[in-house]
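Novice:
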Amino acid sequence: MKESTLNKGWVSLGAIGLFFLGKIKWLLALLKVAKVGSLLSIFVSLGAYALVYGWKFAAALVYLIYIHEMGHLLAAKRKGIKTSSAIFFPFVGALIALKEEPKNANQEAYLAFGGPLLGTVAFLPAIPLFLVTENPFWLLVITLGAMINLFNLMPVHPLDGGRIVGVISAKLWVVGIIGMVVYMFFRPNPLLILFFILGISKWWNEFRSEITINQRDSVIESNQFGMEQLEEFAAATEEEKIRLVNIWNMELSRLHGKLNKMKSWHIPLFDDDKLKEKQRTEVKLTIYRSLLDAANSNEYQYGPTDFENIGTYERIAATFFKEVQEQTKIRDKEKSYYSSSLKTKVIWFSLYLGLAIFLMLTSLYAGDLMEQYKTSLP
Numbered sequence: 001m002k003e004s005t006l007n008k009g010w011v012s013l014g015a016i017g018l019f020f021l022g023k024i025k026w027l028l029a030l031l032k033v034a035k036v037g038s039l040l041s042i043f044v045s046l047g048a049y050a051l052v053y054g055w056k057f058a059a060a061l062v063y064l065i066y067i068h069e070m071g072h073l074l075a076a077k078r079k080g081i082k083t084s085s086a087i088f089f090p091f092v093g094a095l096i097a098l099k100e101e102p103k104n105a106n107q108e109a110y111l112a113f114g115g116p117l118l119g120t121v122a123f124l125p126a127i128p129l130f131l132v133t134e135n136p137f138w139l140l141v142i143t144l145g146a147m148i149n150l151f152n153l154m155p156v157h158p159l160d161g162g163r164i165v166g167v168i169s170a171k172l173w174v175v176g177i178i179g180m181v182v183y184m185f186f187r188p189n190p191l192l193i194l195f196f197i198l199g200i201s202k203w204w205n206e207f208r209s210e211i212t213i214n215q216r217d218s219v220i221e222s223n224q225f226g227m228e229q230l231e232e233f234a235a236a237t238e239e240e241k242i243r244l245v246n247i248w249n250m251e252l253s254r255l256h257g258k259l260n261k262m263k264s265w266h267i268p269l270f271d272d273d274k275l276k277e278k279q280r281t282e283v284k285l286t287i288y289r290s291l292l293d294a295a296n297s298n299e300y301q302y303g304p305t306d307f308e309n310i311g312t313y314e315r316i317a318a319t320f321f322k323e324v325q326e327q328t329k330i331r332d333k334e335k336s337y338y339s340s341s342l343k344t345k346v347i348w349f350s351l352y353l354g355l356a357i358f359l360m361l362t363s364l365y366a367g368d369l370m371e372q373y374k375t376s377l378p
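Per the UniProt record's numbering, the very first residue in the sequence shown carries number 1; after that it's consecutive.
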């Protein structure tokens, strides 16, 4: 099997894979209905690969992908995280959906590492089998196993490698993105474009996390202010209530005028301060509207207080409180998600690098041997 033929084969896999990715929603809906969706998807993938590359290649590929995905499932089970069954997509791979998010990057790395680790174990028996029998089929299993798991270790999100190095440093994603660009240059593959786009998107979101956290801070502070204002309003005299409502109306008008003068678009990095100010203004506007809705619902500003009709007032107060609790929880998780100790970073770096080097050497060695057996490969 010549290298050019292999390259064309992988390009074909990528092109066909992109077609199936466009139909993923339809496929997911179909397989969700079927009680044996996971098993059915395995046979569908097996048949699809067999039609293009033959049964031996198909059996080896599906086996290796299956064990790889089982590694993720076992890791998730050990951490008590519920998942869906593995669903296979022809010429794309397989998908396992987490039913809950990992608590931190360390846990995410653990889930991600399970795939390549068990995937590597899956092809290890083929090494002595090939050495004893010299059957080229076992060489194919070794080569495919090394390539699949090594590719998944590329430090680009959402590949396993990207999820693993995240606990070491999210800056390593840049290295992975550059590496993927170089890889695409020498071995063009349409499927890589998708991973490249997803990787860029994830890196950009993390790089711009300050903006997201700033917006959450604005929401928390503004809702806390709203809670304080409602407490003051509830304890105020009728005259003080009217004064507060007038102040809220004036602030609402002022913020509207301020927002109208702001740009509707901003250049990232150059206009960050302006973007943050716009976010704060929009949040404050929402709070003042809610305060006025609460006041109007009880007719506090002009008529006698009606404590029998406080549904809207209580709902808005509860909304303020709930928003503070939820946004604080999300913000704290976002701030600490990629934080880890030096010991944790060193352990993951050693595990990641060790497995990557082993797979790289295995892939190179098996690739050289394949040249010798190319005429008898399945």
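Where is the CB? At the ideal position from N, CA and C, for every residue including glycine.
Keeping to the same chain, check which residues put their C-beta closer than 7 Å to that of Trp-348; ignore five residues upstream and five downstream.
Specialist: As a first step, residue 348 is located in the sequence shown; it is residue number 348 there, counting from the start. Counting only Cβ-Cβ distances below 7 Å, and skipping sequence neighbours, we find Ala-109, Ile-164, Val-167, Ile-168.
Novice: Would you tell me roughly how many angstroms separate the C-alpha atoms of Ile-178 and Val-324, rounded to the nearest one?
Specialist: On the sequence shown, position 178 is the one that residue 178 refers to. On the sequence shown, position 324 is the one that residue 324 refers to. Taking the straight line from one Cα to the other gives about 40 Å.
Novice: If you draw a straight line from the C-alpha of Leu-153 to the C-alpha of Ile-67, how long is it?
Specialist: Start at 1 with the first residue of the sequence shown, and residue 153 comes out as number 153. Start at 1 with the first residue of the sequence shown, and residue 67 comes out as number 67. One C-alpha to the other measures close to 16 Å.
Novice: Could you check where the alpha helix (DSSP H) with Gly-115 kicks off and where it finishes?
Specialist: The residue you call residue 115 lines up with position 115 of the sequence shown. Element bounds for Gly-115: 105-123.
Novice: Applying the 10 Å Cβ sphere with the 16-neighbour rule, what's the burial state of Thr-362?
Specialist: Position 362 of the sequence shown, counting from 1, holds the residue named residue 362. Under this definition Thr-362 is a buried residue.
Novice: Report the option in Met-70, Phe-88, Leu-98, Phe-91 whose CA atom is closest to the CA atom of Ile-81.
Specialist: As a position in the sequence shown, residue 81 is number 81, starting the count at 1. Ranking the options by Cα distance to Ile-81, first place goes to Leu-98.
Novice: Can you list, in chain order, the residues of its chain whose CB lies under 6 Å from that of Glu-251, leaving out five sequence neighbours each side?
Specialist: Locating residue 251 in the sequence shown gives position 251, where the first residue counts as 1. Cβ within range, chain order: Tyr-288.
Novice: How about Leu-244 and Leu-285: are their beta carbons less than 9 Å apart?
Specialist: Translated into positions along the sequence shown, residue 244 becomes position 244. Translated into positions along the sequence shown, residue 285 becomes position 285. No.
Novice: At a cut of 8 Å, does the region 119-132 reach the region 141-157 through at least three beta carbon pairs?
Specialist: Yes, since at least three Cβ pairs between the region 119-132 and the region 141-157 fall closer than 8 Å, the two stretches touch.
Novice: Would you mind working out which of Gly-119, Thr-133, His-157, Leu-291 sits nearest Leu-355, comparing C-alpha positions?
Specialist: The sequence position of residue 355 within the sequence shown is 355, counting from 1. Here the closest residue by C-alpha is Gly-119.
Novice: Reducing DSSP to helix, strand and coil, say where Leu-153 ends up.
Specialist: In the sequence shown, residue 153 corresponds to position 153, counting from 1. Correct three-state label for Leu-153: coil.
Novice: Where does the unbroken beta strand (DSSP E) through Ala-236 begin, and where does it stop?
Specialist: Against the sequence shown, residue 236 aligns to sequence position 236. Element bounds for Ala-236: n/a, residue is neither H nor E.
Novice: Between which residues of its own chain and Leu-351 is the CB-CB distance below 7 Å, once the five residues before and five after are set aside?
Specialist: If you number the sequence shown from 1, residue 351 lands on position 351. Result list for Leu-351: Phe-113, in chain order.
Novice: My guess is that Phe-320 and Met-227 are in contact by the Cβ rule of under 8 Å, so how many angstroms apart are they, rounded?
Specialist: The residue labelled residue 320 in the question sits at position 320 within the sequence shown. The residue labelled residue 227 in the question sits at position 227 within the sequence shown. Phe-320 to Met-227, Cβ: 5 Å. Contact.
Novice: Would you kindly check if the distance between the Cβ of Gln-279 and the Cβ of Gln-215 is under 9 Å?
Specialist: Your numbering for residue 215 matches position 215 in the sequence shown. Your numbering for residue 279 matches position 279 in the sequence shown. In this structure, Gln-279 lies closer than 9 Å to Gln-215 by Cβ.
Novice: What does the alpha-carbon distance come out to for the pair Leu-139 and Asp-368?
Specialist: Working through the sequence shown from its first residue, we reach residue 139 at position 139. Working through the sequence shown from its first residue, we reach residue 368 at position 368. Using only the alpha carbons, I get a separation of about 11 Å.
Novice: Which residues in the same chain have their Cβ closer than 6 Å to the Cβ of Leu-292, if we skip the five residues on either side of it in sequence?
Specialist: For this step, residue 292 is matched to residue 292 along the sequence shown. Result list for Leu-292: Trp-248, in chain order.
Novice: What are the partner residues of Ala-213, as DSSP defines its beta bridges?
Specialist: Here residue 213 refers to the residue found at position 213 when the sequence shown is read from its first residue. First, the amino acid is wrong: residue 213 is Ile here, not Ala. Its beta-bridge partners do not exist; DSSP assigns none.
Novice: Pick out whichever of Val-283, Leu-191, Trp-173, Ile-357 has its Cα sitting closest to the Cα of Lys-258.
Specialist: On the sequence shown, residue 258 is found 258 positions in, with the first residue counted as 1. For the residues Val-283, Leu-191, Trp-173, Ile-357, the minimum Cα distance to Lys-258 belongs to Val-283.
Novice: Looking at Met-370 and Pro-128, is the spacing between their C-beta atoms short of 9 Å?
Specialist: The residue labelled residue 128 in the question sits at position 128 within the sequence shown. The residue labelled residue 370 in the question sits at position 370 within the sequence shown. Result no, Cβ atoms of Pro-128 and Met-370 do not sit closer than 9 Å.
Novice: Assess, as a yes-or-no matter, whether the region 67-76 is touched by the region 87-96 under the definition of 3 or more beta carbon pairs within less than 8 Å.
Specialist: The region 87-96, when compared against the region 67-76, does touch it at the 8 Å Cβ threshold.
Novice: Taking Cβ positions, are Ala-317 and Leu-230 nearer each other than 9 Å?
Specialist: The residue you call residue 317 lines up with position 317 of the sequence shown. The residue you call residue 230 lines up with position 230 of the sequence shown. Yes, they are a contact pair.
Novice: Taking 9 Å as the cut-off, decide whether the C-beta atoms of Ala-48 and Phe-57 are in contact.
Specialist: Locating residue 48 in the sequence shown gives position 48, where the first residue counts as 1. Locating residue 57 in the sequence shown gives position 57, where the first residue counts as 1. Cβ atoms of Ala-48 and Phe-57: not closer than 9 Å.
Novice: For Gly-161, report the span of its alpha helix (DSSP H) as first-last.
Specialist: For this step, residue 161 is matched to residue 161 along the sequence shown. Here the alpha helix (DSSP H) through Gly-161 covers 160-165.
Novice: Is Leu-255 near the ligand MG - that is, is its Cβ less than 8 Å away from at least one heavy atom of it?
Specialist: This structure does not include the ligand MG; it has no bound ligands of any sort.
Novice: Just the C-alpha distance for Val-182 and Met-360, rounded to the nearest angstrom, thanks.
Specialist: To locate residue 182, count along the sequence shown from 1; it is residue 182. To locate residue 360, count along the sequence shown from 1; it is residue 360. Going by the C-alpha atoms only, they are around 17 Å apart.
Novice: Assuming Phe-89 is part of the beta strand (DSSP E), what are its boundary residues?
Specialist: Stepping through the sequence shown from its first residue, residue 89 is reached at position 89. Counting along the chain, the beta strand (DSSP E) containing Phe-89 begins and ends at 87-89.
Novice: Pick helix, strand or coil for Ala-58, following the three-state DSSP scheme.
Specialist: Within the sequence shown, residue 58 is the residue found at index 58, counting from 1. It is helical.
Novice: Between which two residues does the alpha helix (DSSP H) carrying Gly-80 extend?
Specialist: Taking the sequence shown and counting its residues from 1, the one referred to as residue 80 is at position 80. That residue, Gly-80, is in no alpha helix (DSSP H); it is neither H nor E in DSSP.
Novice: Please go through the region 261-332 and give each complete alpha helix (DSSP H) segment of 4 or more residues, from N-terminal end onward.
Specialist: Complete alpha helix (DSSP H) runs here, min 4: 272-298.
Novice: By the 10 Å Cβ neighbour count, where 16 or more other Cβ atoms means buried, how is Trp-55 classified, buried or exposed?
Specialist: Numbered from 1 along the sequence shown, position 55 holds the residue referred to as residue 55. Exposed: under 16 other Cβ atoms inside 10 Å.
Novice: By a C-beta neighbour count over all protein chains shown, 10 Å radius and 16 as the cutoff for buried, is Tyr-302 buried or exposed?
Specialist: Residue 302 sits at position 302 when you count from the first residue of the sequence shown. The pLDDT assigned to Tyr-302 is 37, lower than 50, so where the model puts this residue is not dependable; a value taken from the coordinates is nonetheless given after this. Counting Cβ neighbours within 10 Å, Tyr-302 comes out exposed, since fewer than 16 surround it.
Novice: Once you ignore the five residues that flank Tyr-337 on each side, which residues in its own chain have a CB closer than 6 Å to its CB?
Specialist: For this step, residue 337 is matched to residue 337 along the sequence shown. Taken in chain order, the residues that qualify are Asn-104, Ala-105.
Novice: For Val-44 versus Pro-90, is the C-beta distance shorter than 9 Å?
Specialist: Position 44 of the sequence shown, counting from 1, holds the residue named residue 44. Position 90 of the sequence shown, counting from 1, holds the residue named residue 90. Taking 9 Å as the Cβ cut-off, Val-44 and Pro-90 qualify as a contacting pair.
Novice: Pull up the CB-CB distance for Ile-148 and Ile-42, whole angstroms please, since I reckon it's below 8 Å.
Specialist: To locate residue 148, count along the sequence shown from 1; it is residue 148. To locate residue 42, count along the sequence shown from 1; it is residue 42. Not confirmed; about 16 Å, so no contact.
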